[in-house]
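Asks: Dropping a structure here in structure tokens format, bear with me for questions.
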Amino acid sequence: MLALGGVCVFSFSEVVLQQLINGLILGSFYALVALGYSMVYGIIKLLNFAHGDIYMIGAFACLSVFGVISKEIPGLAGIGLSIAAAMVLAGIIGYLVQRVAYRPMLEAPRLSLLITAIGVSLVIYNTVMLMTNGQPLFFFSGIDNSAGFSFGNIRITYVQIFMLALSATTMLALSFFISRTMMGKAMRAIALDQDACRLMGINVNKIIGSTFIIGSMLAAIAGGMACVYYGNVQYNMGYTIGIKAFTSAVIGGIGSMPGAMLGGLLLGLLEAIGTQVMTSMGMSGSAWKDVFAFGILIVMLILRPNGLMGKTDVERM
Amino acid sequence: MQYFTKIRQLLDNKFATRAILAALCVIMALLPLFLNNYVLNVLWNAFFYMLLAMGLNIIVGYCGLCDLGYAAKFAIGAYTTGILIKTYHWNFWLTLPASLAVSIIAALLIGGPTLKLRSDYLAIVTLGFAEIVRITARNSNITGSATGISAIPRPSFFGIRLVKPNHWYYVFLVLVIIFIIISGRIRNSRVGRALAFIREDEDAAQAMGVNTTSYKLLAYTIGAAMGGITGSFYAVKMTSISPSSFDFTQSVNILLAVILGGMGKIPGVIVGAAFFAIFPELFRDIPVIGDMRMLFFGILLIAVMLNRPQGLWPDKLGSEPGGLPGDINTVGRR
Amino acid sequence: MALMHVDDLTMRFSGITAIERLTLDVQEGSITSLIGPNGAGKTSVFNCITGFYKATSGDIVFDGQSLINLKPYQITYRGIIRTFQNVRLFKNMTVLENVLSGTHSVSKQSIFGALARHSAARLEEKAVLESAEYFLEYTGIYNKRHELARNLSYGDQRRTEWARALASQPKLLLLDEPAAGLNRGEKDSLIELIRKLRSDFSITVFLIEHDMDLVMKVSEKVIVVNFGVKIAEGTPNQVQTNPQVIEAYLGSEEEEDEDGFIS
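Structure (structure tokens):
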């Protein structure tokens with residue numbers, strides 16, 4: 003997964019630094035997807051199982067759109083436009099999922115809602131699998147993925163810089179949106195007390211719908227980035243990242259936006275370093291890296307269930 | 008729905024229920040005399056799913072906890088038995104208590120810390136744990152890596168080596184009956200009611216004196232133990248096990264069987280499991296439908312949740328705890 | 099003798115002080131009321147007593163033992179049971195099953211008993227069923243025992259909740275606004291019921307109520323809180339004439355009650 007191929011003799015600090023950079027990239031994927039999880043969980047207490055699949059749809063949409071427009075608009079501009087188109091599509095699908103499957107269930111027990119989400123995930127996952135015959139599709143960006151700067155043995159590619167910039171901009175914009183705009187405030191208010199919001203005249207359904215749209219758009223950005231970074235997309239790409247993004251959200255404190263960002267970056271870093279450590283111990287780092295991530299999730303839930311930035315909730319009736 | 012009502016009325020009558028159950032047992036016991044090995048194997052597979060579904064039903068149906076990694080529970084049982092037989096040359100029957108113990112310890116380790124938290128965290132923790140189990144099995148030498156453990160010898164039972172399909176048919180039929188009895192006894196007891204109170208309203212259950220954390224852990228452990236035992240029998244029946252038998256799809260299949268059949272209702276869960284085992288066989292030769300299976304299940308799942316969250320099995324007319332006969336005349340239908 | 103003694107209890111959450119240095123006694127065998135305007139912290143007091151909220155400081159002593167740091171279920175085992183402001187039944191279960199939940203804390207059967215069904219387990223099962231049926235009859239809901247709780251009328255749901263609470267054979271019964279949503283006649287029979295069960299089962303009753311009429315008729319002692327602070331305490335007569343209470347509470351609340359708006 004990570005560009006570890008062709009590792010020669012590195013000095014220790016260079017290895018660490020390189021892994022930090024790789025971890026940061028990985029972390030920004032997790033963070034973008036984790037934000038969607040956290041927003042939805044914060045607002046309707048749903049573990050939106052289908053969120054990883056929305057990410058996958060975003061990746062496919064980006065790939066398809068770029069395939070059509072890349073002749074006229076090549077390069078970064080084309081990729082940017084494709085990601086924008088993917089955001090629109092993912093937003094629509096996210097909204098529809100919410101409207102059709104989740105909204106009628108808001109008063110139902112949490113377990114039923116969770117199971118519905120698993121159903122939605124199955125539907126999206128299998129639809130895409132049937133449409134692509136289970137085969138991966140390849141993404142030719144026309145950009146040299148290896149072009150970039152070198153500092154000694156450390157390498158930062160232009161694509162990496164582009165992605166870091168894109169995710170940082172997105173997260174800044176989201177922070178602004180949540181803290182400053184009316185709708186952002188309404189979202190936070192609904193997370194606290196839905197009934198009170200209804201009484202105050204807030205259109206709760208509309209805000210919940212918007213939350214899904216925004217969360218899905220963020221996932222689509224991550225999906226588009228995955229196209230460029232990995233060069234291929236497959237129907238099952240959302241499954242693992244779904245769990246890892248959830249882990250990120252939990253690490254940061256579920257429901258907390260800055261927490262999701264921090265959690266994503268942390269998990270990315272931990273995973274990159276963990277892989278490196280395991281490889282140096284003679285184990286297959288890439289095979290065990292998921293174990294590492296899920297282990298962190300379990301340990302985190304045991305030691306600090308409210309996350310790094312989550313509030314301790316008052317137990318109330 | 009009128010059709011359902013009639014079945015239900017029949018089932019609510021204690022005498023009729025017993026007569027039907029007795030007849031069913033006789034029919035099931037005699038079936039192998041008339042069926043070929045292929046059909047017996049399909050039925051065996053149905054029994055196998057029933058066992059898993061009943062185990063998961065304790066967790067999901069009775070207690071309302073969401074376990075997305077049930078495959079790991081039976082993987083633990085299967086691997087414990089597989090390793091003890093192949094590497095340490097244990098007798099199969101002696102591996103059963105070991106498998107039980109390992110399953111229970113694993114359940115306590117995972118459930119203990121997480122069940123104190125919000126219940127929906129359990130979903131993701133069980134999922135993560137299942138992945139850890141699968142990846143560990145795929146990458147460790149003792150579990151035979153990706154190829155798994157093969158050529159596990161078949162056990163003997165009072166001198167009979169269990170090799171024929173009808174042997175396994177009977178072994179699993181007996182297990183199914185045992186699991187039904189266990190499930191029924193738990194359901195109609197103080198413990199079963201406590202689990203149901205937790206499922207319905209955790210805070211109110213706690214206010215009534217139910218130690219919700221330990222009862223959730225109890226349900227989780229019983230479910231895991233049932234899965235572990237099933238896994239042990241699976242290992243010797245199949246004679247080979249590999250990580251691919253325990254993936255996420257398997258966990259989802261079992262969960263779907265429990266939910267579609269009707270959470271908490273034993274007959275519903277059994278019918279649900281049979282449906283999941285037999286459905287792929289029916290469409291085996293039609294590839295397109297075979298591939299669309301999971302899509303179809305997903306749609307079915309959403310539809311059931313939206314319209315009939317209590318599952319497809321009909322409700323009781325006048326339900327009564329304690330396994331007492333229901334009164335046919337009290338028509339308290341929803 | 100005080101069955102329960104709340105000592106210097108303070109409860110804060112997210113910057114709000116719900117209860118401030120509250121001290122009160124509930125005498126054994128008494129009917130005591132806790133009143134105060136909306137948001138005065140009454141339900142918070144109940145939640146602290148029953149262990150659903152963690153008190154910031156102070157102590158609650160019941161039957162000679164502190165309840166601080168006990169879990170709600172442990173407190174139920176000590177003999178305190180509550181009803182909820184908006185009836186909280188197990189909606190998808192039958193009335194009988196709901197009442198059986200009350201017997202949980204007074205029965206012992208474990209998973210082994212459930213699986214083995216030995217004679218002790220069967221005897222206990224029979225005993226709890228009889229006890230549940232007794233309380234179903236006591237509250238007059240026996241005929242509806244097989245109906246699902248959610249299909250009941252509001253009044254019957256209340257009755258079920260009472261039967262459920264009584265089935266746990268409590269020493270102290272906490273009633274959170276028992277008269278909410280009842281009409282005049284039902285309120286009168288509620289007063290009867292509270293008095294009757296105290297004499298029948300020697301239960302101590304501690305209740306939160308908005309309905310002044312009911313509080314003044316039924317209670318022997320009234321404690322008034324406002325903004326989490328106790329402002330008066332005494333017999334109904336003493337409290338009614340207390341100028342502080344009138345200012346804080348009676349003046350504004352009475353009108354609301356007459357309009358029939360009950361939260």
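These protein sequences, in sequence, are chains A, B and C.
Counted the way the numbering used here counts, the first sequence spans residues 3 to 319.
Counted the way the numbering used here counts, the second sequence spans residues 8 to 341.
Counted the way the numbering used here counts, the third sequence spans residues 99 to 361.
Glycine residues also receive a C-beta, built at the ideal position from the N, C-alpha and C atoms.
#1: At what residues does the alpha helix (DSSP H) containing M285 (chain A) begin and finish?
#2: Helix, strand or coil: how does DSSP classify A86 (chain A) here?
#3: Which of the three DSSP states, helix, strand or coil, is assigned to T181 (chain C)?
#4: Thinking C-beta only, is Y77 (chain B) closer than 8 Å to L262 (chain B)?
#5: Please return the same chain residues whose Cβ sits closer than 7 Å to the Cβ of V301 (chain A), not counting the five positions on each side in sequence.
#6: By Cβ distance below 6 Å, which residues in the same chain neighbour I117 (chain B) in space, the five residues on each side in sequence not counted?
#7: Measuring CA to CA, which of C:A214, C:M102 and C:D298 is closest to I173 (chain C)?
#8: Does the beta carbon of P172 (chain B) come closer than 8 Å to any beta carbon on chain A?
#9: Kindly examine the ligand MN and report whether one of its heavy atoms sits closer than 7 Å to the Cβ of F299 (chain C).
#10: Taking Cβ positions only, does I296 (chain B) come closer than 8 Å to chain A?
#11: For S142 (chain C), collect the residues of the same chain with a Cβ closer than 7 Å to its Cβ; drop the 5 residues on either side in sequence, then sort them by chain order.
#12: Could you tell me the distance, in whole angstroms, from the CA atom of P106 (chain A) to the CA atom of G203 (chain A)?
#13: Can you give me the C-alpha to C-alpha distance between T228 (chain B) and G80 (chain A), rounded to a whole angstrom?
#14: Could I get the ranges of all uninterrupted alpha helix (DSSP H) runs contained in the region 280 to 319 of chain B, with 4 residues as the minimum, in chain order?
#15: From A:S152, A:G265 and A:Y231, pick the residue whose C-alpha is nearest to that of Q20 (chain A); which is it?
#16: Taking DSSP's pairing of strands, which residues face E331 (chain C) in a bridge?
#17: Ignore the nearest five residues each way along the sequence and tell me which others in T102 (chain B)'s own chain have a CB closer than 7 Å to its CB.
#18: L319 (chain B) CB to nearest chain A CB: under 8 Å?
#19: Check whether chain F comes within 8 Å of C32 (chain B), counting only Cβ atoms and requiring the distance to be less than that.
#20: Tell me, please, whether the CB atom of N218 (chain B) is closer than 8 Å to any CB atom in chain C?
#21: R206 (chain B) and C70 (chain B) - do their beta-carbons sit closer together than 8 Å?
#22: Is there a Cβ from chain B that is less than 8 Å from the Cβ of N190 (chain C)?
#23: Looking only at C-alpha atoms, which of B:K272, B:M270 and B:F304 sits nearest to F286 (chain B)?
#24: Put N234 (chain A) into one of helix, strand or coil per three-state DSSP.
#25: Would you say K21 (chain B) faces chain A, with C-beta separation under 8 Å as the test?
#26: Nearest-angstrom Cα distance between Y128 (chain B) and A295 (chain A)?
#27: Determine, for P332 (chain B), whether the minimum Cβ-Cβ distance to residues of chain A falls below 8 Å.
#28: V159 (chain C) and D106 (chain C): beta carbons closer than 8 Å?
#29: Taking all protein chains shown into account, decide if S297 (chain C) is buried (16 or more other Cβ within 10 angstroms of its Cβ) or exposed.
#30: What residue range is occupied by the uninterrupted alpha helix (DSSP H) comprising T228 (chain B)?
#31: Roughly how many whole angstroms lie between the Cα atoms of A262 (chain A) and F178 (chain A)?
#32: Compile a chain-ordered list of the residues in the region 24 to 58 of chain A whose CB is closer than 7 Å to at least one CB of chain B.
#33: Against S286 (chain A), what residues of chain B qualify as contacts under a CB-to-CB distance less than 9 Å, listed in chain order?
#34: Under 8 Å between beta-carbons, which chain B residues line up against V122 (chain A)? List them in chain order, please.
#35: Counting contacts by CB-CB distance shorter than 8 Å, is P170 (chain C) in contact with chain B?
#36: Look at the Cβ atom of T171 (chain A), then the Cβ atom of M189 (chain A), and state whether they are nearer than 8 Å.
Replies: Quick answer:
#1: For the purposes of this step, residue 285 (chain A) is taken as residue 283 along the first sequence, with counting starting at 1. From DSSP, M285 (chain A) is part of no alpha helix (DSSP H); its letter is neither H nor E.
#2: Reading the first sequence from its first residue, position 84 is the one you call residue 86 (chain A). If DSSP states are grouped into helix, strand and coil, A86 (chain A) belongs with the helices.
#3: Sequence index remark: in the third sequence, residue 181 (chain C) carries index 83 (1-based). DSSP places T181 (chain C) outside both helix and strand once states are collapsed to three, so it counts as coil.
#4: Your numbering for residue 262 (chain B) matches position 255 in the second sequence. Your numbering for residue 77 (chain B) matches position 70 in the second sequence. The beta carbons of L262 (chain B) and Y77 (chain B) sit closer together than 8 Å.
#5: The sequence position of residue 301 (chain A) within the first sequence is 299, counting from 1. Same-chain partners within the cutoff: there are none.
#6: By 1-based counting over the second sequence, the position of residue 117 (chain B) is 110. Closer than 6 Å at Cβ, skipping near neighbours: F136.
#7: What you label residue 173 (chain C) is simply residue 75 of the third sequence in a count that begins at 1. When each option's Cα is compared against that of I173 (chain C), the closest is C:M102.
#8: Locating residue 172 (chain B) in the second sequence gives position 165, where the first residue counts as 1. Not one chain A Cβ lies under 8 Å of P172 (chain B).
#9: Summarising the ligand content, the structure contains no ligands, and the ligand MN is consequently not present.
#10: For the purposes of this step, residue 296 (chain B) is identified with residue 289 of the second sequence, where counting begins at 1. Output row for I296 (chain B): interface = no.
#11: Counting from 1 along the third sequence, the entry for residue 142 (chain C) is found at position 44. M109, A116, I117 and Y151, listed in sequence order.
#12: Locating residue 106 (chain A) in the first sequence gives position 104, where the first residue counts as 1. Locating residue 203 (chain A) in the first sequence gives position 201, where the first residue counts as 1. Cα-Cα distance, rounded: 20 Å.
#13: Numbered from 1 along the second sequence, position 221 holds the residue referred to as residue 228 (chain B). Numbered from 1 along the first sequence, position 78 holds the residue referred to as residue 80 (chain A). T228 (chain B) and G80 (chain A) have their alpha carbons spaced roughly 54 Å apart.
#14: With a minimum length of 4 residues, the continuous alpha helix (DSSP H) runs that stay inside the region 280 to 319 of chain B are 294 to 314.
#15: For the purposes of this step, residue 20 (chain A) is taken as the residue at position 18 of the first sequence. For the residues A:S152, A:G265 and A:Y231, the minimum Cα distance to Q20 (chain A) belongs to A:S152.
#16: Residue mapping note: residue 331 (chain C) aligns to position 233 of the third sequence, counting from 1. For E331 (chain C), which the question treats as bridged, DSSP gives the partners C:I321.
#17: The residue you call residue 102 (chain B) lines up with position 95 of the second sequence. Result list for T102 (chain B): T87, T88, L91, I92 and S239, in chain order.
#18: Along the second sequence, one-based indexing puts residue 319 (chain B) at 312. Taking Cβ atoms only, chain A never reaches closer than 8 Å to L319 (chain B), which makes this a no.
#19: Among the protein chains of the structure shown, namely A, B and C, there is no chain F.
#20: Reading the second sequence from its first residue, position 211 is the one you call residue 218 (chain B). Under the Cβ distance rule, N218 (chain B) counts among the residues neighbouring chain C, one pair being separated by less than 8 Å.
#21: In the second sequence, counting from the first residue as 1, residue 70 (chain B) sits at position 63. In the second sequence, counting from the first residue as 1, residue 206 (chain B) sits at position 199. R206 (chain B) is positioned such that its CB atom lies closer than 8 Å to that of C70 (chain B).
#22: In the third sequence, the residue the question calls residue 190 (chain C) occupies position 92. Yes, N190 (chain C) counts as interfacial toward chain B.
#23: In the second sequence, the residue the question calls residue 286 (chain B) occupies position 279. Closest by alpha carbon: B:F304.
#24: Taking the first sequence and counting its residues from 1, one reaches residue 234 (chain A) at position 232. The answer is strand: DSSP assigns N234 (chain A) an E or B state.
#25: As a first step, residue 21 (chain B) must be located in the second sequence, where it is residue number 14. Contacts with chain A at 8 Å (Cβ-Cβ) do not include K21 (chain B).
#26: Numbered from its first residue, the second sequence carries residue 128 (chain B) at position 121. Numbered from its first residue, the first sequence carries residue 295 (chain A) at position 293. Distance from the CA of Y128 (chain B) to the CA of A295 (chain A), rounded to the nearest whole angstrom, comes to 16 Å.
#27: Here residue 332 (chain B) refers to the residue found at position 325 when the second sequence is read from its first residue. Low per-residue confidence applies at P332 (chain B): pLDDT is 31, beneath 50, and the placement is therefore not dependable enough to give any value.
#28: Along the third sequence, one-based indexing puts residue 159 (chain C) at 61. Along the third sequence, one-based indexing puts residue 106 (chain C) at 8. Cβ atoms of V159 (chain C) and D106 (chain C): not closer than 8 Å.
#29: Counted from its first residue, the third sequence places residue 297 (chain C) at position 199. Per the 10 Å Cβ criterion, exposed.
#30: Against the second sequence, residue 228 (chain B) aligns to sequence position 221. Here the alpha helix (DSSP H) through T228 (chain B) covers T219 to M245.
#31: On the first sequence, position 260 is the one that residue 262 (chain A) refers to. On the first sequence, position 176 is the one that residue 178 (chain A) refers to. Rounded to the nearest angstrom, the two C-alpha atoms are 15 Å apart.
#32: If the cut-off is 7 Å between Cβ atoms, the region 24 to 58 of chain A has L49 near chain B.
#33: Here residue 286 (chain A) refers to the residue found at position 284 when the first sequence is read from its first residue. Simply N146.
#34: Here residue 122 (chain A) corresponds to residue number 120 of the first sequence, with the count starting at 1. Taking a Cβ-Cβ threshold of 8 Å, the residues of chain B close to V122 (chain A) are G305 and I309, in chain order.
#35: Here the question's residue 170 (chain C) lines up with position 72 in the third sequence. Interface with chain B (8 Å Cβ-Cβ cutoff): P170 (chain C) is included.
#36: Counting from 1 along the first sequence, the entry for residue 171 (chain A) is found at position 169. Counting from 1 along the first sequence, the entry for residue 189 (chain A) is found at position 187. When the beta-carbon positions are compared, T171 (chain A) and M189 (chain A) stay at least 8 Å from each other.
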